[in-house]
Amino acid sequence: MTSQKDDVEHLIRSSVQSIDSVGVNSSGRDDVSTVSLSIASLADSTTNLYETRPHKVANKKSKPVNGALGTSKGFPVDIQGERSVQEDDIDENDGHNGKKNDKTFFVGVGILFSIFAITSAFLLIILPCYRMFNLNALLHSNHTVVRQYQEHLVSSSVSRSGPPSVVVKYHELIQGPGPGHQSLVYHQKHHHQHSEKAAPVCDVHPNEQRFDCYPDYYEVNQRNCLSRGCCWRPTMDRFLSQSDSNNVRGVPFCYLPVNYSGYGIIQVNQSRTGATMELIKTSQSSIWPEEVRMLKVVITYETPQRLHFKIFDPENTRYEVPIDVHKPAKLTDIANCDYVVSYVKRPFGLVVRRKSTKKVIFNSAVAAPLIFADQYLQIGTLLSTKYVYGLGEHRDSFLINVDWTSRGYWARDQSPRPNTNLYGVHPFYLNMEDDNNAHGVFLLNSNAMQIDFQPQPSVTYRTMGGVLDFYVFTGPTPNAVVQQYTELIGRPFMPPYWSLGFHLCRWGYNNSATMKAVIKRMRDSKIPYDVQWNDIDSMDKKLDWTYDHNLFADLPEIVKDLHAHGQHYIMIVDGAISSQQPKGTYPPYDNGLVDGVFIIDPEDGKPLVGQVWPGDTVFPDFLHPKAFSYWYKVAADFHKQIPYDGIWADMNEPSNFVAGSEDGCLYNNLNYPPFNSPAILGSKLYEKTICPSAAHNISSHYNLHNLYGYSNTKISDMVLRKLLKKRSIVISRSTFAGIGVHGGHWSGDNHATWDDMYYSIPEMLNFQLFGAPMIGADICGFLDPTTTELCVRWTQVGAFYPFMRNHNGWNFPAQDPAIFDTRAQGAMRKVLLTRYSLLPYLYTLLHYSHQDGSAVVWPLFFIEPNEETFKIDRQFLWGSDLMISPVLKPKTFSTKAYFPKGLWYDFYTGNMISSAGLYMFLDAPWDKINLHVRGGAIIPTIEPDVTTTASRKKKFSLFVAADSNGTSRGELFWDDGESFDTVKTGKYTHLVFTGAQNNVTSEVLASGYSPPTELYLGHVLVCGVAKGPHQVLANSKPAKFMWFPNSQVLNITNMALSLTHPFTITWS
């Protein structure tokens, strides 16, 4: 009897012989896909798990509309017939060289299966499992036969470092023989030449080099896959990986052939500051509707550390993102750049290397190929390592999982949960290299997007419109990458000092009496507290720019009282305006109609009507030329009634309680685009928002949706600057790149869970990368009742958010700190006093963020990049010098903390820890969050009080943490805390503190700020003093001190040294 192995081998040999006799089919599709189907008998029903019900058509009829997606207006066009590319049936002869060969082949296969069943009944039972789940293993069970088939199809050489049948040599912008001579050099891939009748090469090893040909995989099956000219081979890996999480795609069954040619370069022009390229589509067949035939690439050397390249249609004006990016006055000569660019001619690919190390930092040549259709743009790049961060906003770990995951980008009113597109869109990532350098990549595109990761590692961008507008930042440190990114999109705003205090809010005070009771008990408890907020329950019928004159009749007096106590007030403004109030009674609507600033329904030319809290609503177009004057008038009128100090911009994705509009959405290519991204929740762009076809002044909502929160925040910031004439704050729920220039962000409608508390840390770290450092979460949780333990621990974590607010939801128990028992109050008071004491240090960090774009909150790998720190997101740093190690689990009174190499000092005791880069278990009792200061740092602090207004009048202190050489350094930036541009006007004080073996000194770099009371230094704590001094002198005068031999801490007290003049403190 023949062995089972021999039977399988014989079956495969027979199948391959049949393949060899068939040859290349007329459609140009690789016959391995067709024959694989015959061997495995995979029915379409196998893939029904990825199919969904047909699209529901909204209750508006499809109408032809003038314009095109590619125009500057970008309004909808009818999509009649567009989906036929995806849904056409396969011809019965497709993939075979005539009916005779077709019948002969299947008769042969049938005989083989009959013989096989007789000789081995057991194998007949096992085989279907192989058919369905391990086809790849079956086809490759005999290496020799498969290799023969590969050689039959492909005669070119194969490089296993890249996709099969591809050899790539990268050629750079190289220095020529003469001074100043540069040349842009290309090298064409050696590949199996692809033409209309060439068979796709489908043998891809390893599987992580498969590039998905059917990213809209809800509809993927063999028929649809092959109709696109793609390869179809199911693998077991996909089923296994999808069991983990619903954002895990798994190895694609349907993938692009190795020899997919895409675009080729037909012309290159170059200069010392960049290059231009002309591309042509090398095949007439299309995977997506309306693929663009001719493209242009413009490469610009903007700065020594910033490369810009844009891929676009030169013959048709397409939508581009209308935000300000900061371009250099003069471009950079290639000789001065820390990058070199090379390219592959066909198929087109760009490769960027770091000049100083020769490391590749962007490589589209061996990643997912360029596709440029009207509503589907794709390009991929290899990642330097799997350590990649950013690309938000999502609820996830800080380190992105690149094992076949996807993320969707379409701003959505969605309570944070894993694997879901959330409120903001930030297509920027930071990638670590294997030598611990870092680089960043930013795609300036605001259309709906899906970004896929795979373990190659690589990333694939799939966006539904616009252009491919990329920036590459070379760092080389992670913080330098953030600085370079914010140099482009804009530096973060400088917040007022009071906004760093504790904020308190809830939805459900219900009346001013309850609100006053909360304010009183917070004051009575002596818990630090600076800013009181109101939610929509304070409004009149939930109408923007109103307050309830019955339930909150004395709100003006409450705000006046807050101001009298040195406190501030912020109120909510939603992103929609009621349209159902009697004419002439509601100026925000009446004025908007007159100014024509509302987003328009293209069917009737009238404002599109949705529903939000007040009922029927319309939506201001904050990119309209009259948006500022409109918003300023309603804001100024309301400020006369309630003198608010900041704006809470909520519901500005924009949120809509009906799908699209009250009348539904037109069935056209904007509301139902060809690409149905499964990474976008619900896969329908109009869900929980307005119709993508809605018309803004400059383009369609399809293009501008992700900018709504950004534009709302920008206009609100401009209004406050003019209205208040001093610094203020806008906190926005929806965000886009550049949001940090105009406001801050909170993480949205979280839940009162321990997991939500943990996820607030990756959220905070990501927004540092995005250039929006004023970030926080609803402390204690917005949804669901909190617990005392959770609220205490969350207050400890939240005390180290740059923006700190406690906020909870409707009908949940109160959770302001003063409502809890005295023990819990004590723990919260303690950590809030600690925060308030550290605000001078935080303010200095925010100053540098505003000046040079530095991150304020750092992940640990910013100071010590290694395999361990790359994964840590349960600890973090303020700047480079203060490490926070919170408790994130219930009933836990110790915490495991990693200490980077060097000396670290306990902030509370000064006790020293010397680390070689190791974990330690730290005591974490109920009332303690562990804080450690890095050796070599000097941290400025101030005596805390119940408000920042009161605290700013107190004396300063210094925490001096010596390094192994006994030296240390720190800085303090100080101004009045509210005036604009104090650096430009010179109205600020800037001090540098230096510590040595036996002294601490100051240097006054600037002293232009004249405070109402003198700035004094009253206390210095010096750590790492090995020998007790006999005397301490402060400006040559004896000072009171104590030295603690066990901790080697020198505590110098009762001083009054002016900080506007240099000082010297010595001990001997």
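Just so you know, the UniProt record's numbering puts the end of the sequence shown at 1068, numbered straight through with nothing missing. Glycine included, C-beta positions come from ideal geometry on N, C-alpha and C.
Which term fits residue i, buried or exposed, when burial requires 16 or more other beta carbons within 10 angstroms of its beta carbon?
i                  : result
tryptophan 810     : exposed
methionine 1055    : buried
serine 538         : buried
tyrosine 919       : exposed
proline 762        : buried
phenylalanine 921  : exposed
glycine 605        : exposed
threonine 834      : buried
glycine 935        : buried
glycine 274        : buried
methionine 1042    : exposed
proline 418        : exposed
serine 732         : buried
phenylalanine 1063 : buried
residue 1073       : Nothing can be reported for residue 1073, as the shown portion of the chain is limited to 1 through 1068.
Taking the Cβ atom as the reference point for each residue, do residue i and residue j lie within a distance shorter than 7 Å?
i              : j                 : result
leucine 882    : valine 831        : no
tyrosine 708   : proline 692       : no
histidine 308  : threonine 300     : yes
proline 528    : isoleucine 729    : no
aspartate 530  : glycine 501       : yes
glycine 392    : tyrosine 429      : no
leucine 443    : tyrosine 461      : yes
asparagine 479 : phenylalanine 862 : yes
alanine 818    : methionine 522    : yes
serine 397     : glutamine 450     : no
For residue i, decide whether its Cβ has a neighbour in chain B, counting only Cβ atoms nearer than 7 Å.
i             : result
aspartate 650 : Looking for chain B here will not work: only one protein chain is present.
Relative to the C-alpha of residue i, which residue among the options is closest?
i              : options                             : result
threonine 1001 : Glu291, Ala1034, Ser711 and Pro602  : Ala1034
isoleucine 600 : Ser661, Phe552, Trp631 and Gln641   : Ser661
residue 1074   : Glu1003, Ser734 and Val482          : Lying before the first or after the last residue shown, residue 1074 is absent from the chain, which here runs from 1 to 1068.
cysteine 505   : Val960, Ala553, Met515 and Ser499   : Met515
isoleucine 715 : Thr1053, Lys684 and Ile739          : Ile739
threonine 948  : Glu978, Ile939, Leu468 and Tyr589   : Glu978
glycine 465    : Thr617, Gly392, Leu562 and Phe312   : Phe312
alanine 367    : Ala679, Pro1012, Pro457 and His1061 : Pro457
histidine 990  : Ser285, Thr1060 and Lys633          : Thr1060
asparagine 766 : Pro859, Gln567 and Pro840           : Pro859
proline 582    : Thr786, Pro654 and Asp590           : Asp590
alanine 329    : Thr303, Val340, Lys987 and Tyr319   : Thr303
glutamine 257  : Tyr569, Gln209, Gly995 and Tyr898   : With the sequence shown as reference, residue 257 is identified as proline, and glutamine is not the correct amino acid for it. With distances taken between Cα atoms, proline 257 lies closest to Gln209.
tyrosine 1009  : Met804, Tyr988 and Tyr1016          : Tyr988
serine 914     : Glu943, Pro944, Ser951 and Asp963   : Asp963
isoleucine 570 : Gln796, Gln414, Trp533 and Asn550   : Trp533
alanine 513    : Asp548, Lys526 and Gln484           : Asp548
Might you give, ordered along the chain, the residues of its own chain that have their beta carbon closer than 7 Å to the beta carbon of residue i, omitting 5 neighbours on each side?
i           : result
glycine 656 : This sequence places asparagine at residue 656; glycine is not what is there. Closer than 7 Å at the Cβ level, and outside the excluded window around asparagine 656, lie Gly610, Gln611, Val612, Lys688, Thr689 and Ile690.
glycine 180 : In this prediction, glycine 180 has a pLDDT of 32, which is less than 50 and means its spatial position is unreliable; what the coordinates show is noted afterwards. None.
valine 1004 : Leu991, Thr1060, His1061 and Pro1062
Where DSSP assigns a beta bridge to residue i, which residues make up the other side?
i              : result
glutamine 532  : Leu504 and Tyr569
asparagine 431 : Val388 and His439
lysine 345     : Lysine 345 is not bridged to any residue.
tryptophan 648 : Ile572 and Ile731
Sorted by chain position, which residues of the same chain lie with C-beta nearer than 6 Å to residue i's C-beta, five sequence neighbours on each side aside?
i               : result
tryptophan 1067 : Asn998, Pro1029 and Val1032
serine 849      : Pro492, Pro773 and Val856
threonine 788   : Phe820 and Ala824
isoleucine 323  : Gly738
leucine 877     : Trp858 and Met883
asparagine 706  : Ala411, Val425, Ser446 and Phe736
threonine 982   : Asp975 and Tyr988
tryptophan 404  : Ser241, Val248, Arg249, Gly250 and Gln454
serine 271      : none
For the ligand NAD, is there any heavy atom lying closer than 6 Å to the beta carbon of residue i?
i           : result
serine 1047 : Here there are no bound small molecules, and the ligand NAD is not part of this structure.
Who are the near neighbours of residue i in its chain, counting only those whose CB is closer than 8 Å to its CB and skipping five residues on each side?
i             : result
tyrosine 908  : Lys928 and Leu931
glutamine 193 : A caution first: glutamine 193 carries a pLDDT of 40, below 50, which makes its placement in the model too unreliable to give a value.
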